[in-house]
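> Let me begin by handing over the structure; questions about it come next.
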Amino acid sequence: MAVEEVPGLLLAVAVGLALKAHPEEHVEQQDRDAGAHEPRPGHPGVVVEHEHHEAREHERGGNPVADRGGEHALVVPRAWHSEPVPAALPPPTFQLEGGRVAPARVLYGGRPLAVRVRFSAPGPADVRIQIERRGGGVARRFDLRAAAPRRLVEIRWDGRGGNGREAREGRYRVRAGRRGGRLRSIGGFTFRRHVYPVRGRHWFRGAIGRFGAPRSGGRTHEGFDINARCGTPVVAARVGRVKRQRYDPVLYGNFVIVRSASERRDYWYSHLRSPARVRRGARVRTGQRLGSVGASGNARSVGCHLHFELRGRGGPFDPQPRLRAWDRFS
Ligand SMILES: [Zn+2]
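Note that my numbering gives residue 119 to position 117 of the sequence shown, counting from 1, and the numbers run on in steps of one.
Take a look at the structure:
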């Protein structure tokens, strides 16, 4: 198992995440950062949040509550707004002040896991953040060298182990502490490699919607039909790149094909209400919105449903077992 080491110098790369006018903007900023860090396995993004917000709020002498709606309000997420330790009385030992783990459900190829830790100590300390599978095994270990105390230290995890391979699905917990000392649990999450593509109430169309069911002209059904109300969001079941995005008036209607290079598989999403929101060549994340359930193409006589196909090197294969598995948790 590989150990990731982040030299202390990197901690100087500060991103003022907290210096945002509104909580919504704060979230968007994080998302943008997440995107920037995402495709770089082995390079955990380290973000240090400056503590200017506390100092500046006090300097200005304004009412922090009233200021929050203003253009220059400094909004600090409540969980992180702890009282600073007075400089005159440094803590005698390393002490973990808090930690946060988000989101609660991590999808491989989706928004990465973000872990934030804050500690107090007489001086810089080596911090360890460990991602552990419940039931045993360390998926990834991050060692942050000479991290500054009383600053927010953040790492991001993209779902890969130290060997670069996708981690196993399941429940995980995150522990953190001083390197060489006792680690404390700071939160948990579940990890999945796929997500169910229809994000709303859905049901099976019946035998006619199964893979291999007979179709007109001697054809057979090469996918699986998921019934849902028109307009129900359709998302990418798996991260990949858009291979085709087209309108086919005869069969598929508005359809989009997303190629999963790591799985050597194509994911087909058909009969969308309107053209997919992604262009050819674009990278889509697991769980990213592609469009809405519709009845375009030859579904116009049947009603709204998602025709979902999986194609490997041997051509299309029955996606139902996988769909059923994904549906159990997502
Ligand atoms: Zn179909």
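Quick reminder that beta carbons are idealized off the backbone N, C-alpha and C, glycines included.
Leaving out five residues on either side along the sequence, give the residues of the same chain with a beta carbon under 7 Å from the beta carbon of residue 237.
On the sequence shown, residue 237 is found 235 positions in, with the first residue counted as 1. So the list reads 197, 199, 201, 289, 290, 291, 292, once near-sequence residues are dropped.
> Given 7 Å as the limit, tell me if residue 320 has its C-beta closer than that to any heavy atom belonging to ligand 1.
Residue 320 sits at position 318 when you count from the first residue of the sequence shown. It does not: the Cβ of residue 320 is nowhere closer than 7 Å to a heavy atom of ligand 1.
> So the candidates are 298, 263, 94; which of them puts its Cα closest to the Cα of residue 283?
Position 281 of the sequence shown holds residue 283. Nearest option by C-alpha distance: 263.
> In whole angstroms, what separates the C-alpha of residue 192 from that of residue 103?
In the sequence shown, counting from the first residue as 1, residue 192 sits at position 190. In the sequence shown, counting from the first residue as 1, residue 103 sits at position 101. Their backbone Cα atoms lie some 11 Å apart in a straight line.
> With H, G and I counted as helix, E and B as strand and the rest as coil, what does DSSP make of residue 165?
The residue labelled residue 165 in the question sits at position 163 within the sequence shown. Residue 165 falls in the coil class under three-state DSSP.
> Take residue 318 and list the residues in its own chain whose beta-carbon comes closer than 6 Å to its own, dropping the five residues that flank it on each side.
For the purposes of this step, residue 318 is taken as the residue at position 316 of the sequence shown. Excluding positions up to five away in sequence, the list reads 224, 311.
> Indicate, with yes or no, if ligand 1 has a heavy atom lying under 7 Å from the CB of residue 196.
As a working note, residue 196 is residue 194 in the sequence shown. The answer is no for residue 196.
> Roughly how many whole angstroms lie between the Cα atoms of residue 230 and residue 253?
The sequence position of residue 230 within the sequence shown is 228, counting from 1. The sequence position of residue 253 within the sequence shown is 251, counting from 1. So the alpha carbons of these two residues sit roughly 19 Å apart.
> Any heavy atom of ligand 1 closer than 7 Å to the CB of residue 227?
By 1-based counting over the sequence shown, the position of residue 227 is 225. Yes, Cβ of residue 227 sits closer than 7 Å to a heavy atom of ligand 1.
> List the whole-angstrom C-beta distance separating residue 159 from residue 109, where the pair is believed to meet the contact cut-off of C-beta under 8 Å.
What you label residue 159 is simply residue 157 of the sequence shown in a count that begins at 1. What you label residue 109 is simply residue 107 of the sequence shown in a count that begins at 1. Not confirmed; about 12 Å, so no contact.
> On the CB-based measure, 16 or more other CB atoms within 10 Å of its CB, does residue 226 come out buried or exposed?
Residue numbering aside, residue 226 sits at position 224 when the sequence shown is read from its first letter. So residue 226 counts as buried.
> Starting from residue 146, follow the beta strand (DSSP E) in both directions and report where the run begins and ends.
Translated into the one-based positions of the sequence shown, residue 146 becomes position 144. Residues 140-149.
> Based on Cα-Cα distance, which residue from 275, 97, 134 lies nearest to residue 149?
By 1-based counting over the sequence shown, the position of residue 149 is 147. When only C-alpha atoms are compared, the closest one is 97.
> Just to confirm my understanding: we take residue 168, look at its own chain, exclude 5 residues before and 5 after, and list those with CB closer than 7 Å. What are they?
As a first step, residue 168 must be located in the sequence shown, where it is residue number 166. Same-chain partners within the cutoff: 110, 161, 162, 195.
> Under 8 Å, do residue 313 and residue 285 count as touching if we go by C-beta distance?
Residue mapping note: residue 313 aligns to position 311 of the sequence shown, counting from 1. Residue mapping note: residue 285 aligns to position 283 of the sequence shown, counting from 1. No; because the gap between Cβ atoms is not below 8 Å, this pair is not in contact.
> Please say whether residue 276 and residue 296 have beta carbons closer to each other than 8 Å?
Residue 296 sits at position 294 when you count from the first residue of the sequence shown. Residue 276 sits at position 274 when you count from the first residue of the sequence shown. Yes, the Cβ-Cβ distance between residue 296 and residue 276 is below 8 Å.
> To the nearest angstrom, how far is it from the Cα of residue 324 to the Cα of residue 170?
Mapped onto the sequence shown, residue 324 falls at position 322. Mapped onto the sequence shown, residue 170 falls at position 168. Approximately 16 Å, taken between the alpha carbons.
> Is the closest heavy atom of ligand 1 to the C-beta of residue 137 under 7 Å?
Here residue 137 refers to the residue found at position 135 when the sequence shown is read from its first residue. No.
> Regarding residue 299 and ligand 1, is the C-beta to nearest heavy atom distance less than 7 Å?
To locate residue 299, count along the sequence shown from 1; it is residue 297. No, the beta carbon of residue 299 sits no closer than 7 Å to any heavy atom of ligand 1.
> For residue 280 and residue 190, what's the separation of their Cα atoms in angstroms?
Here residue 280 refers to the residue found at position 278 of the sequence shown. Here residue 190 refers to the residue found at position 188 of the sequence shown. Taking the straight line joining both Cα atoms gives about 32 Å.
> With a floor of 3 residues, list each beta strand (DSSP E) that falls wholly inside the region 280-306, ordered by position along the chain.
Qualifying beta strand (DSSP E) stretches, in chain order: 291-294.
> Below 6 Å CB to CB, which residues in the same chain sit around residue 268 once its five sequence neighbours on both sides are set aside?
The residue given as residue 268 occupies position 266 in the sequence shown. Taken in chain order, the residues that qualify are 259, 261, 313.
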